[in-house]
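Heads up: the sequence shown is residues 0 to 371, going by numbering that gives the first Met the number 0.
A virtual CB, placed ideally from N, CA and C, is assigned to each residue, including glycine.
Report on the following structure.
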Amino acid sequence: MVKLSSAQVYRFAFVYLYSEPISFLIQRLFQMSKYQGWLSVLGGFGLSLIFLLFTVKLGRTFPDRGWDDFGGDIVGQPIHRFMLLLVGIYAVVLASVDVENFVSFLRTIYLPDTPVWMVTLLTVLCIALTSRQGLLTIVYMSEGIFILQVVASLLVFPAIIEGRQKAILSSLVTHHDIGQIVSGSLNTMPWFSEWAIFLFLAPFTSFLLPIGRALMLGGLTVVLILITYWLLILMNFGPYVSEEMQYPLLELIRFARYSDFMSNLDPALISFWSTTMFMRTSFQLYVASLCLSRVTGIEAKSLVFLIASSLAAIVLQYAADTIEYEKAIRSYAIAAYAMLMNSFPILYMLVYWWRFGAVPSDRPVPVAKPPP
């Protein structure tokens with residue numbers, strides 16, 4: 000039974016895609032593209048839609064089943080099991096990067112004297128407990144977080160818009176370097192290309208619904224908010240100061256002139272953002288457990304804490320040498336790996352077209368019904 004509507008998928012996609020770019024991409028945008036960051040974001044998001052197109056087409060091949068279930072009918076069970084293992088590892092890699100970024104942020108800003116192992120274990124425990132509740136719980140919790148993030152943005156924008164330098168806006172149309180735009184777009188694309196992971200929303204939703212449009216609108220909403228924040232940071236600090244800040248958005252929020260009522264708003268905003276990160280990483284852990292369950296035959300819930308333990312060990316390894324971690328995570332090899340893993344729907348669709356021809360387009364669209 001379909002339990003998630005396209006509107007719910009839109010809100011979940013927003014929450015999933017929101018946390019990482021808003022917090023960790025803005026500084027890199029200034030380093031890569033200076034005044035052309037907005038073009039790099041639009042270019043990267045536009046390129047990522049190629050992956051979204053193939054993801055939706057693959058989801059529509061067997062709309063009442065999840066990819067982990069029907070993939071073997073397309074490429075054969077041995078190859079599909081191998082792909083499940085690769086995708087499961089990729090989900091753990093994504094989760095480990097997200098948790099390391101979050102732990103590093105907390106220890107840098109709020110908990111400098113707290114041992115890294117304690118912050119890591121508490122973070123991973125929260126993520127594992129959420130993931131073990133299942134996909135519907137993660138999506139329903141994201142509904143409330145979506146509202147909180149929208150309200151938070153409405154509170155922040157009026158406050159941080161003060162003190163802006165409007166004259167700097169002319170640089171958006173006078174500073175153009177095609178090579179820099181192309182390079183920035185290619186480096187930004189992996190931040191918006193994780194569409195394939197949404198295949199695991201089935202069978203709780205059906206790709207016969209306008210899921211592609213919902214995912215695209217969710218990503219576009221994140222892009223618009225990201226560009227707005229980037230623009231406000233540019234007008235307040237300029238590109239060269241911003242690229243030296245580790246967390247320019249946090250500095251902008253602290254720099255803003257709040258009223259007495261809003262003078263301590265940044266901890267609340269950080270807590271809202273933290274919940275989006277928890278939902279994102281919980282879903283990644285859910286995907287990893289589901290993939291490993293298909294490969295081993297063990298129940299997915301039984302694997303959550305095992306994978307979470309591995310996740311914590313990886314994060315602690317990252318934390319042991321943060322300089323090398325930063326060098327590695329910003330390398331082209333990591334971006335290429337992400338693009339390669341996000342391309343598996345293209346492989347499956349090519350095999351499907353070769354074996355079965357075009358995807359039927361005359362099937363009835365189901366109606367999403369909430370669980371009893």
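Leaving out five residues before and five after residue i in sequence, what residues of the same chain have Cβ atoms less than 6 Å from its Cβ?
i	result
Pro62	Ser205, Phe206, Leu207
Leu154	none
Phe69	Phe61
Val14	Ser141, Ile144, Phe145, Thr275, Met278
Val123	Ala307, Leu310, Ala311
Leu84	Val294
Thr220	Phe13
Leu268	Ala151
Trp194	Phe50, Leu51, Thr54
Trp66	Leu198
Would you identify the three-state DSSP class for residue i, choosing helix, strand or coil?
i	result
Gln283	helix
Pro209	coil
Trp190	helix
Met244	coil
Leu110	coil
Phe145	helix
Ser330	coil
Gly36	helix
Phe260	Low per-residue confidence applies at Phe260: pLDDT is 47, beneath 50, and the placement is therefore not dependable, though the value from the model is reported in the following sentence. Phe260: helix per DSSP, three-state reduction.
Pro238	helix
Val358	coil
Phe203	coil
Pro62	coil
Gly296	coil
Lys56	helix
Asp97	helix
Could you tell me the boundaries of the alpha helix (DSSP H) in which residue i lies?
i	result
Leu121	115-131
Met31	25-32
Gly71	66-74
Val303	299-318
Ile345	343-355
Leu171	170-173
Leu16	5-19
Just to confirm my understanding: we take residue i, look at its own chain, exclude 5 residues before and 5 after, and list those with CB closer than 8 Å. What are they?
i	result
Leu134	Phe199, Leu200, Phe203, Phe282, Tyr285
Thr129	Thr136, Ile137, Met140, Phe277, Met278, Ser281
Arg106	Thr113, Val115, Val118
Phe271	Ile144, Leu147, Gln148, Ala151
Identify, in the order they occur along the chain, each residue of the same chain with its Cβ nearer than 7 Å to the Cβ of residue i, setting aside the five sequence neighbours on each side.
i	result
Ala299	Ser288, Leu289, Ser292
Ile25	Tyr228, Trp229, Ile232, Pro247, Leu248
Leu46	Ser184, Met188
Tyr351	Thr60, Ile73
Asn186	Met31, Ala334
Ser170	Tyr34
Met82	Gly70, Phe343
Leu120	Ala311
State the CB to CB distance for the pair residue i and residue j, rounded to an integer number of angstroms; the pair is presumed to be in contact (CB under 8 Å).
i	j	result
Ala337	Ser192	7 Å
Val406	Gln7	With the chain running from 0 to 371 in the structure shown, residue 406 is simply not present.
Gly218	Leu16	6 Å
Leu57	Pro344	4 Å
Gly87	His79	About 12 Å separates the two Cβ atoms, so there is no contact after all.
Ile126	Ala307	7 Å
Leu38	Ile224	With 8 Å as the limit, Leu38 and Ile224 do not qualify as a contact, their Cβ atoms being about 17 Å apart.
Leu214	Phe197	6 Å
Tyr324	Tyr317	5 Å
Pro238	Phe29	5 Å
Gly43	Trp190	7 Å
Ser95	Val240	About 31 Å; that fails the 8 Å criterion.
Arg131	Val303	5 Å
Tell me, please, whether the CB atom of residue i is closer than 8 Å to any CB atom in chain E?
i	result
Ser308	Among the protein chains of the structure shown there is no chain E, as only one such chain exists.
Just to check, is the beta-carbon of residue i closer than 7 Å to a non-hydrogen atom of the ligand COA?
i	result
Cys290	The model depicted lacks the ligand COA and carries no ligand whatsoever.
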